[in-house]
Amino acid sequence: MTDLTSMKIAEARDALRKGNVTSAELTEACLTAIEGAGALNAFVHNTPEIAREQAAAADARIKAGDAPAMCGIPLGIKDLFCTKGVPSQAASNILGGFKPEYESTVTTQLFDAGAVMLGKLNMDEFAMGSSNETSCYGNAVNPWRRGNDDAALTPGGSSGGSASAVSADLCLAATGTDTGGSIRQPAAFTGITGIKPTYGRCSRWGIVAFASSLDQAGPMTKDVRDAAIMLEAMCGHDPKDSTSADLAVPNFEAMLTGDIKGKTIGIPKEYHMDGMPEEIEALWAEGRKMLQDAGANIVDISLPHTKYALPAYYVIAPAEASSNLARYDGVRYGHRATLSAGDGITEMYEKTRAEGFGHEVQRRVMVGTYVLSAGFYDAYYNRARKVRTLIKKDFEDVFAAGVDAILTPATPSAAFGLGEMEDADPVKMYLNDVFTVTVNLAGLPGIAIPAGVDKQGLPLGLQLIGRPWEEGDLLNTAYALEQAAGFVAKPGKWW
Amino acid sequence: MSIDKDTAARVAKLARIKVEDDALPALAEEFNTILGFIEQLNEVDVEGVEPMTSVTPMRLKRRVDGVTDGDQQDKILKNAPDAREGFFAVPKVVE
Numbered sequence: 001m002t003d004l005t006s007m008k009i010a011e012a013r014d015a016l017r018k019g020n021v022t023s024a025e026l027t028e029a030c031l032t033a034i035e036g037a038g039a040l041n042a043f044v045h046n047t048p049e050i051a052r053e054q055a056a057a058a059d060a061r062i063k064a065g066d067a068p069a070m071c072g073i074p075l076g077i078k079d080l081f082c083t084k085g086v087p088s089q090a091a092s093n094i095l096g097g098f099k100p101e102y103e104s105t106v107t108t109q110l111f112d113a114g115a116v117m118l119g120k121l122n123m124d125e126f127a128m129g130s131s132n133e134t135s136c137y138g139n140a141v142n143p144w145r146r147g148n149d150d151a152a153l154t155p156g157g158s159s160g161g162s163a164s165a166v167s168a169d170l171c172l173a174a175t176g177t178d179t180g181g182s183i184r185q186p187a188a189f190t191g192i193t194g195i196k197p198t199y200g201r202c203s204r205w206g207i208v209a210f211a212s213s214l215d216q217a218g219p220m221t222k223d224v225r226d227a228a229i230m231l232e233a234m235c236g237h238d239p240k241d242s243t244s245a246d247l248a249v250p251n252f253e254a255m256l257t258g259d260i261k262g263k264t265i266g267i268p269k270e271y272h273m274d275g276m277p278e279e280i281e282a283l284w285a286e287g288r289k290m291l292q293d294a295g296a297n298i299v300d301i302s303l304p305h306t307k308y309a310l311p312a313y314y315v316i317a318p319a320e321a322s323s324n325l326a327r328y329d330g331v332r333y334g335h336r337a338t339l340s341a342g343d344g345i346t347e348m349y350e351k352t353r354a355e356g357f358g359h360e361v362q363r364r365v366m367v368g369t370y371v372l373s374a375g376f377y378d379a380y381y382n383r384a385r386k387v388r389t390l391i392k393k394d395f396e397d398v399f400a401a402g403v404d405a406i407l408t409p410a411t412p413s414a415a416f417g418l419g420e421m422e423d424a425d426p427v428k429m430y431l432n433d434v435f436t437v438t439v440n441l442a443g444l445p446g447i448a449i450p451a452g453v454d455k456q457g458l459p460l461g462l463q464l465i466g467r468p469w470e471e472g473d474l475l476n477t478a479y480a481l482e483q484a485a486g487f488v489a490k491p492g493k494w495w
Numbered sequence: 001m002s003i004d005k006d007t008a009a010r011v012a013k014l015a016r017i018k019v020e021d022d023a024l025p026a027l028a029e030e031f032n033t034i035l036g037f038i039e040q041l042n043e044v045d046v047e048g049v050e051p052m053t054s055v056t057p058m059r060l061k062r063r064v065d066g067v068t069d070g071d072q073q074d075k076i077l078k079n080a081p082d083a084r085e086g087f088f089a090v091p092k093v094v095e
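Protein sequences, first through last, are from chains D and S.
End of the first sequence = 495 in this note's numbering, gap-free, step of one.
End of the second sequence = 95 in this note's numbering, gap-free, step of one.
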């Protein structure tokens with residue numbers, strides 16, 4: 001049965017249409033794989049009944065002909081997406097017991113297209129983290145290990161469960177969300193593909209909000225073609241999200257020709273970081289050569305405000321989070337603290353939020369509260385928003401100069417060990433997102449694809465950043481890079 | 001600027017998160033680490049730069065000011081920790 005779960009979306013779609021396999025068979029194979037993968041802690045709420053029902057409906061639809069590409073494809077859904085009648089708690093105790101009465105737009109679109117939900121996936125609490133260690137469900141674990149060393153590694157974060165599940169072939173693909181790198185960093189850590197589309201491509205409606213001006217959903221898949229297929233199903237205008245773009249969604253898969261002759265690829269000098277491992281530098285140089293050999297024109301570029309992206313992000317994201325998370329007050333949903341005699345409503349708020357939010361979430365909410373507080377708003381929040389304007393302008397300048405896409409490393413290291421960063425100060429953990437966070441601040445599409453392994457055998461990813469709304473072109477460049485890199489390694493099964 | 005124990009307590013209060021007294025010094029120290037990192041933004045010349053309000057240059061859509069939703073009180077109250085007689089219930093708010 002392993003063969004079925006390791007299928008890609010495109011393969012499964014073709015096999016389903018030919019009648020070589022049924023969605024019921026695919027779904028059962030995935031459910032069995034999930035059952036045997038408790039050690040990865042990737043799936044945190046299993047929904048086998050829903051999956052079997054959806055699979056049966058998909059099989060009927062395929063039989064009738066005219067089924068969309070995602071019809072019958074078993075997926076994992078990040079716990080950040082509200083799914084009707086199914087626990088959706090953003091990996092937080094404060095949403096313990098919460099079962100939405102509604103379905104997010106993105107999952108609605110996927111299910112309308114016939115996709116099958118296997119269950120909900122682990123993540124960092126409220127998507128705040130880069131290692132999946134802030135989850136109320138405990139750590140998700142990377143299926144990859146360092147050679148024969150059995151130390152558990154992080155799958156990255158915040159979409160750590162999604163990354164682990166796709167990499168370990170527990171599902172064909174998964175949804176993720178990305179506020180500062182939460183799709184691309186875990187994809188890179190687990191040897192899979194992840195794309196964050198342009199801000200506004202996917203509706204945010206029904207996705208638990210972290211930082212609304214930065215959050216975007218996207219697919220996490222086994223290759224670029226699958227990313228193109230699934231992204232198309234997730235995108236589109238939604239009147240329920242006022243920032244969702246009213247633009248036609250192209251057939252992304254049809255744009256995958258692999259021909260990038262004459263395209264201009266920028267290499268930003270500011271992404272050479274001090275202390276970056278030699279192997280990452282080497283991989284980046286290889287990527288550059290691969291694109292050049294494929295006929296692209298490589299130019300060295302400068303994005304002068306890169307250094308200020310992380311500090312700007314750590315003002316803007318906590319500020320928005322402090323506002324978004326104000327809704328968790330113990331009144332309308334989720335956890336409410338047990339009160340002592342004489343406690344009033346303020347004590348209820350304070351105790352509920354202290355019990356319900358984990359440490360990292362509390363810290364970010366309070367940092368956000370501070371940077372928005374009277375007397376500091378201008379010094380921190382407004383200044384960060386001005387710097388954000390400059391970061392976006394850096395990209396606009398290079399695009400105006402003719403650059404089609406930008407090549408960078410996806411992460412400054414390979415996956416690290418769970419617990420290894422425990423004693424580090426929070427800023428050290430934030431540095432994981434150094435190459436990805438600029439893309440969220442500028443609202444651009446970015447994709448991480450696996451491009452090699454380090455000397456310990458762990459996957460390493462490269463990132464391509466595209467022009468706004470040109471995901472199709474970006475996916476095609478990624479497709480060319482994928483073909484040149486020829487990454488086929490898989491983690492050995494130990495779980 | 002440096003955050004002391006009292007400022008940390010004030011921020012916790014504003015955020016409506018109960019922090020025990022003995023946890024305040026460590027919290028203040030964490031704030032200082034993060035704010036120290038953020039201080040780098042002071043190096044940037046932002047003279048005459050507009051603060052970003054929208055990352056995509058797009059006008060927000062208008063819609064008809066009409067009722068499109070409603071009549072689902074039971075669904076809205078379904079997840080409440082304490083709901084009574086069609087209302088959310090909370091501890092006493094006024095004396």
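Don't be surprised by glycine CBs; every beta carbon is placed ideally from N, CA and C.
Since the model is a prediction, treat every value here as computed from it, not as a measurement.
| Query | Result |
| --- | --- |
| Interface partners of residue 354 of chain D on chain S, CB under 8 Å | 17, 18, 19 |
| Segment limits, alpha helix (DSSP H) that includes residue 163 of chain D | 160 to 167 |
| Cross-strand partners of residue 176 of chain D (DSSP beta bridge) | D:218 |
| Limits of the beta strand (DSSP E) - the one that residue 446 of chain D falls within | 446 to 453 |
| Residue 346 of chain D, DSSP secondary structure in three states | helix |
| Members of the segment 196 to 224 of chain D near chain S, C-beta cut-off 9 Å | 198, 199, 200, 213, 214 |
| Whole-angstrom distance between residue 362 of chain D and residue 303 of chain D, CA atom to CA atom | 33 Å |
| Backbone secondary structure at residue 153 of chain D - three-state DSSP | strand |
| Beta carbon proximity, residue 260 of chain D to chain S, threshold 9 Å | no |
| Partners in chain S for residue 344 of chain D, counting only beta-carbon separations shorter than 8 Å | 91, 92, 93 |
| Short CB-CB distance (under 9 Å) between residue 72 of chain S and chain D | yes |
| Pair within 9 Å by beta-carbon distance, residue 36 of chain D and residue 174 of chain D | no |
| Opposing strand residues paired with residue 382 of chain D [DSSP bridges] | Its beta-bridge partners do not exist; DSSP assigns none. |
| Per-residue contacts from residue 373 of chain D into chain S (C-beta, under 9 Å) | 10, 11, 14 |
| Residues in the segment 56 to 88 of chain S having any Cβ partner in chain B nearer than 8 Å | The chain labelled as chain B is not found among the protein chains of the depicted structure, namely D and S. |
| With 16 other Cβ atoms within 10 Å as the buried cut-off, status of residue 48 of chain S | exposed |
| Chain D contacts from the segment 28 to 43 of chain S (Cβ-Cβ distance under 7 Å) | 30, 31, 33, 34, 37, 38, 40, 41 |
| Whether residue 193 of chain D touches residue 221 of chain D by CB criterion (9 Å) | yes |
| Members of the segment 101 to 113 of chain D near chain S, C-beta cut-off 9 Å | 101, 102 |
| C-beta neighbour in chain S for residue 351 of chain D, strict 9 Å | yes |
| Proximity below 9 Å, CB of residue 176 of chain D to CB of residue 187 of chain D | yes |
| Per-residue DSSP class, three states only, for residue 46 of chain D | strand |
| Bridge partners - residue 147 of chain D, DSSP secondary structure assignment | According to DSSP, residue 147 of chain D bridges with nothing at all. |
| Start and end residues, alpha helix (DSSP H) containing residue 480 of chain D | 471 to 485 |
| Residue 29 of chain D and residue 70 of chain D closer than 9 Å at C-beta | no |
| Coarse secondary structure for residue 411 of chain D, derived from DSSP in three states | coil |
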